[in-house]
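First up is the structure itself, then whatever we jot down about it.
In the numbering used here, the protein residues as written are 3 to 180.
What follows is the structure, encoded as structure tokens:
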């Protein structure tokens with residue numbers, strides 16, 4: 003039931019922490035993404051529309067990539083998604099499109115999860131499901147059974163919200179071509 007509900011989502015907000023990176027983003031089909039990523043003092047804003055990626059970051063980010071920090075810092079930069087991934091500017095998991103998100107839901111394991119308890123997650127009643135490694139998934143206990151969050155051993159977590167909310171993702175004005 004959860005897989006079918008998540009497969010019906012046509013826009014979503016995804017936020018959390020993974021491998022020390024804080025993120026907050028929106029995703030919608032066919033291939034639109036807007037979000038912010040931060041590791042330590044380095045923050046990057048990313049917008050993807052089809053095969054075009056726009057990003058805005060500070061000097062530290064561009065310096066790590068060996069690029070001209072003076073002209074790029076604070077500017078929106080435009081490049082192709084495949085170039086952004088190959089150069090390391092954008093991680094491959096960010097460069098994916100909405101159909102990749104749907105494949106993720108279809109591939110979630112369903113074997114071995116056990117119901118643990120009910121909790122409140124993001125202000126909503128949720129059922130906690132634990133996998134054999136005690137990683138947790140939280141499913142809405144009322145209404146449609148949306149997946150509200152994952153919590154992983156080691157402190158990483160992912161929150162899901164704003165299911166099917168109208169989201170406008172637009173190209174920034176006056177980007178610098180990279």
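For every residue, glycine included, the Cβ atom is placed at its ideal position computed from N, Cα and C.
Here the structure is a predicted model, which means the values were calculated and not measured.
Quick check on residue i: buried or exposed, where buried means 16 or more other Cβ atoms within 10 Å of its Cβ?
{"i": "residue 59", "result": "buried"}
{"i": "residue 9", "result": "exposed"}
{"i": "residue 167", "result": "exposed"}
{"i": "residue 128", "result": "buried"}
{"i": "residue 151", "result": "buried"}
{"i": "residue 61", "result": "exposed"}
{"i": "residue 67", "result": "exposed"}
With DSSP as the reference, label residue i as helix, strand or coil.
{"i": "residue 64", "result": "helix"}
{"i": "residue 26", "result": "strand"}
{"i": "residue 1", "result": "Any question about residue 1 goes unanswered here, given that the chain covers just 3 to 180."}
{"i": "residue 74", "result": "helix"}
{"i": "residue 179", "result": "strand"}
{"i": "residue 83", "result": "helix"}
Are the CB atoms of residue i and residue j nearer to each other than 8 Å?
{"i": "residue 39", "j": "residue 48", "result": "yes"}
{"i": "residue 142", "j": "residue 130", "result": "no"}
{"i": "residue 176", "j": "residue 124", "result": "no"}
{"i": "residue 30", "j": "residue 178", "result": "no"}
{"i": "residue 173", "j": "residue 56", "result": "yes"}
{"i": "residue 165", "j": "residue 44", "result": "no"}
{"i": "residue 4", "j": "residue 149", "result": "yes"}
{"i": "residue 137", "j": "residue 155", "result": "yes"}
What are the start and end residues of the beta strand (DSSP E) that includes residue i?
{"i": "residue 9", "result": "No beta strand (DSSP E) holds residue 9; the alpha helix (DSSP H) holding it covers 4 to 9."}
{"i": "residue 161", "result": "159 to 163"}
{"i": "residue 148", "result": "No beta strand (DSSP E) contains residue 148, which DSSP labels as neither H nor E."}
{"i": "residue 35", "result": "34 to 41"}
{"i": "residue 143", "result": "Counting along the chain, residue 143 falls outside any beta strand (DSSP E), and DSSP gives it neither H nor E."}
{"i": "residue 54", "result": "54 to 59"}
{"i": "residue 17", "result": "14 to 20"}
{"i": "residue 49", "result": "44 to 51"}
Measuring straight from C-alpha to C-alpha, what distance separates residue i and residue j?
{"i": "residue 158", "j": "residue 83", "result": "26 Å"}
{"i": "residue 163", "j": "residue 64", "result": "31 Å"}
{"i": "residue 15", "j": "residue 26", "result": "7 Å"}
{"i": "residue 147", "j": "residue 116", "result": "16 Å"}
{"i": "residue 20", "j": "residue 153", "result": "10 Å"}
{"i": "residue 37", "j": "residue 180", "result": "19 Å"}
{"i": "residue 51", "j": "residue 32", "result": "9 Å"}
{"i": "residue 35", "j": "residue 22", "result": "21 Å"}
{"i": "residue 17", "j": "residue 41", "result": "14 Å"}
{"i": "residue 6", "j": "residue 120", "result": "21 Å"}
{"i": "residue 145", "j": "residue 126", "result": "10 Å"}
{"i": "residue 171", "j": "residue 81", "result": "17 Å"}
{"i": "residue 78", "j": "residue 69", "result": "14 Å"}
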